[in-house]
Structures are given as C-alpha cells and as structure tokens.
Amino acid sequence: MPRSLLVLSLLVAVVAGSWLARSAMVRWRDLRAAQTYELAAEARPVLVRAFAAALCLTCVSALGVAVLLGERGGRGAVRAAAAEAGGADRVAPPPVPSASASSAPSGSASGPAAAPAPAAAPAVAFASVGRAAGGELMQGSVPGPDGRSRTVRVWLPAEYGKSPAERFPVIVLHSGTPGRTADADLPDVFDGVASAVQQGRARPFVVVAPEAPGGTGHPCDLVAAAPQAVADDAALRSAVGTAFRTLPPGPAGWSVLGVDGGAPCAAAAGLARPDLYGAAAAVSGRYDARALVGAAAEAPGAVTARLLLAAAKRDTDGLASGRAVQTALQGAKSRAQVRTSEVVQDYTPERERLRLVRVAVQYLAEGLAK
1 MPRSLLVLSL LVAVVAGSWL ARSAMVRWRD LRAAQTYELA AEARPVLVRA
51 FAAALCLTCV SALGVAVLLG ERGGRGAVRA AAAEAGGADR VAPPPVPSAS
101 ASSAPSGSAS GPAAAPAPAA APAVAFASVG RAAGGELMQG SVPGPDGRSR
151 TVRVWLPAEY GKSPAERFPV IVLHSGTPGR TADADLPDVF DGVASAVQQG
201 RARPFVVVAP EAPGGTGHPC DLVAAAPQAV ADDAALRSAV GTAFRTLPPG
251 PAGWSVLGVD GGAPCAAAAG LARPDLYGAA AAVSGRYDAR ALVGAAAEAP
301 GAVTARLLLA AAKRDTDGLA SGRAVQTALQ GAKSRAQVRT SEVVQDYTPE
351 RERLRLVRVA VQYLAEGLAK
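Listed below in structure tokens is the structure:
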C-alpha cells in the first residue's frame with residue numbers, strides 16, 4: 001500500500017478511536033450516575049463503544065508500524081540506489097600494462113598518458129583586516145618562488161561590493177622595505193587611489209600589495225638588477241585571480257605602481273614586463289638609470305612598455321633622477337614610452353603624495369582596454 005494511503009488511514013483511525021473512547025467514557029459516567037440513583041440504564045452502548053475504541057487502537061498500532069517500516073525501507077532503497085550510482089561513477093582502475101607496452105620507448109603515445117597530472121595548488125584564504133579609504137582591506141599568505149610564505153594585502157574599492165558581476169582591473173603596489181607591504185609605510189596610498197575614482201579620473205581598481213622580498217636592505221635595487229625577482233609572480237597572480245573578481249593578468253587589466261622606496265620596483269617591473277603590465281607608474285623615486293635600461297632591454301620585442309615618472313615640483317632630486325632615466329632610455333634606443341609629471345605642488349609632502357598618486361592612477365587607467 002502506498003505510504004500516503006497508510007498515513008491517511010492512520011489519521012482516520014486515530015480520530016475515530018478518540019471519538020469512540022470519549023463517547024464510551026461519557027456513557028459510562030451516565031451509567032454510574034443512573035446506578036447511583038437506582039434508575040434503569042443499559043450497559044450495552046458502553047460496551048459497544050469501548051470495544052470499537054479498542055479495535056481502533058489496534059488499527060492505529062498496526063498502521064503506525066507499517067508506516068515506520070515503509071519509511072525505513074524507502075531510506076534503504078535510496079541508500080542502495082545511491083551506492084549503486086556511486087559504484088557506476090567510479091572510474092575503473094587502469095589496466096596493468098603488458099610487457100610489450102612497458103618495453104615501448106618513452107616517446108610513444110603511451111608515455112604521456114601514464115604521466116600523473118600535477119596536483120592543483122590549494123586556494124589562498126584572505127581575511128578582512130579593516131577598512132581604508134571607503135574600501136575593505138584583506139590579507140592572506142601566499143607562497144613565494146622560494147617556497148616561503150609572504151604576506152599579501154588586497155584593497156577592494158567601495159565599488160567592489162556594489163557590482164557583484166563586475167571584474168576589476170588590478171594595480172600591483174610595490175614596497176621598498178624588506179618584509180613589509182607598501183601600505184605599512186604609506187597608509188594613505190589607498191586614499192589617493194580612491195580620490196582618482198571619486199573625481200572621475202579613473203575606474204575602480206583592486207590594489208594588490210605583496211610583501212617585499214628580504215635578504216637585502218633595498219629590495220628594489222635587486223629588482224632593477226634582476227627583474228625576475230619582482231614580488232609579483234605566477235603564484236600571486238593565481239591566488240588573487242581565484243579569490244577576487246579581477247581581470248585576467250595581462251596588459252589589458254593589470255598595471256604596477258610604486259611610491260617613494262617602491263618606485264624603482266615599479267619602474268623595473270613595468271619596463272621588463274610590458275607583456276604583463278599595461279603601464280607602470282613610479283612616484284617620488286630615486287633610480288639607477290643604468291639598471292633600468294638593462295631591465296628595459298629584457299622586455300619582449302613585440303610589446304612597448306609605458307612608464308610614468310612623477311615627482312613633486314619641490315622634489316628636485318626626484319625630478320633629476322626621473323629625467324636621467326628618461327634620457328638613458330632614449331639614448332639606448334629603448335622602445336619604452338616614458339612620460340614625466342613635474343608640476344604637482346601643495347602645502348605639505350603628504351598632500352603632494354596624495355595628488356601624485358592620483359595622477360599616477362589616472363595614467364594607469366589610460367592604459368586599460370576600453
């Protein structure tokens with residue numbers, strides 16, 4: 001019998017039994033009252049109702065057992081079906097290769113099939129560590145090229161939470177202090193990025209700030225001499241792309257920025273990797289022109305690097321250093337397109353830095369795919 005019909009019969013039996021039991025109790029009380037006052041009363045209706053109530057109780061018990069057994073049986077059938085389906089989905093173990101197959105040369109068709117697939121890297125977990133410039137600051141630990149973990153901070157603009165379907169371009173923000181992220185030395189750098197967006201000069205960016213490599217007091221000198229030592233590597237790009245809604249790595253969606261001590265890192269990375277960064281901006285830096293010319297010489301021949309060297313009007317040393325880099329690249333016949341910004345001035349160095357970052361972000365936004 002179908003389970004729904006059993007349940008319906010059980011409910012009918014419960015209702016009927018309850019009514020008969022209550023009716024028998026009422027009749028029994030009337031019979032007792034009649035006997036007390038020595039009135040004539042018939043006991044037959046009480047006995048009939050009591051017997052019918054007992055019969056309903058028996059039916060309730062039987063139907064209840066049937067419902068329970070049916071439910072257990074159904075669950076068992078579901079488990080059996082699931083086990084059967086799981087067994088069907090399991091991949092049969094590969095056949096043992098025959099002697100002829102094992103003696104085949106390694107370059108044969110059976111060789112690549114026997115090679116195990118590389119295990120996928122585990123996803124990096126990023127946790128919120130606060131808010132900055134209206135956005136959210138996340139932090140995670142990403143393995144470096146040497147296998148050791150380094151801290152990576154990711155700033156999500158306010159627009160990130162408002163547009164759940166949108167993918168955002170990326171700015172890699174380099175630090176010039178070993179073992180630290182750029183925002184640790186420049187906590188107001190995100191304000192400059194946000195102000196460029198608020199003034200309509202740039203679209204919102206996700207800012208990725210990796211920890212600068214250790215082993216040297218000046219990480220950016222190392223990067224300028226050996227651009228492959230840049231803190232932005234494949235593991236970092238993969239971790240960011242997996243955890244956040246960013247544009248794919250490449251010149252259409254990624255750029256690089258460095259401020260003060262991190263400026264030479266950004267310049268070297270942008271000159272050496274125009275195939276990865278659409279543009280690079282270096283703010284208030286001091287540069288080794290010869291090393292940057294060498295970095296530009298390592299760039300892929302088919303791609304043109306774009307670099308902005310920005311400094312405040314009062315920063316005469318920074319302006320001179322930027323001009324020296326521009327002149328050296330021109331003298332080396334480099335294909336890099338170098339622009340300078342030398343007009344920013346304000347009341348305090350902090351306000352000048354804010355405006356310089358805003359100019360840099362506007363420049364980086366110009367290099368994005370329209």
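Just so you know, we're using full-length UniProt numbering here: the sequence shown kicks off at 1 and counts up by one.
From the three backbone atoms N, C-alpha and C, an ideal C-beta is built for every residue, glycine too.
Comparing alpha carbon positions, the residue from Pro45, Leu236, Gln199, Gln139 closest to Ala184 is Gln139. Here the alpha carbon of Thr58 sits roughly 12 Å from the alpha carbon of Ala16.
A residue is called buried when at least 16 other Cβ atoms come within 10 angstroms of its Cβ; Gly161 does not meet this threshold and is exposed. A direct Cα-Cα distance of roughly 13 Å separates Ala62 from Val12. Around the C-beta of Tyr287, 16 or more other C-beta atoms lie within 10 Å, and the residue is accordingly described as buried.
Bounds of the alpha helix (DSSP H) holding Ser238 are 234–243. Within the DSSP secondary-structure output, Phe168 pairs in a beta bridge with Thr246. Between Ser149 and Pro143, the C-beta gap is smaller than 8 Å, which places the two residues in contact. Just so you know, the alpha carbons of Cys265 and Pro164 end up roughly 32 Å apart. Taking the CA atoms as reference points, Gly278 sits about 28 Å from Gly147. For Gln198, the uninterrupted alpha helix (DSSP H) segment begins and ends at 189–198. Listed as beta-bridge partners of Pro210 by DSSP are Val152. Taking a C-beta distance under 8 Å as the contact criterion, Gly214 and Pro178 qualify as a contact pair. In the three-state reduction of the DSSP assignment, Gly140 falls in the strand class, which pools E and B. Judged by DSSP secondary structure, Val303 falls outside any beta strand (DSSP E); it is assigned neither H nor E.
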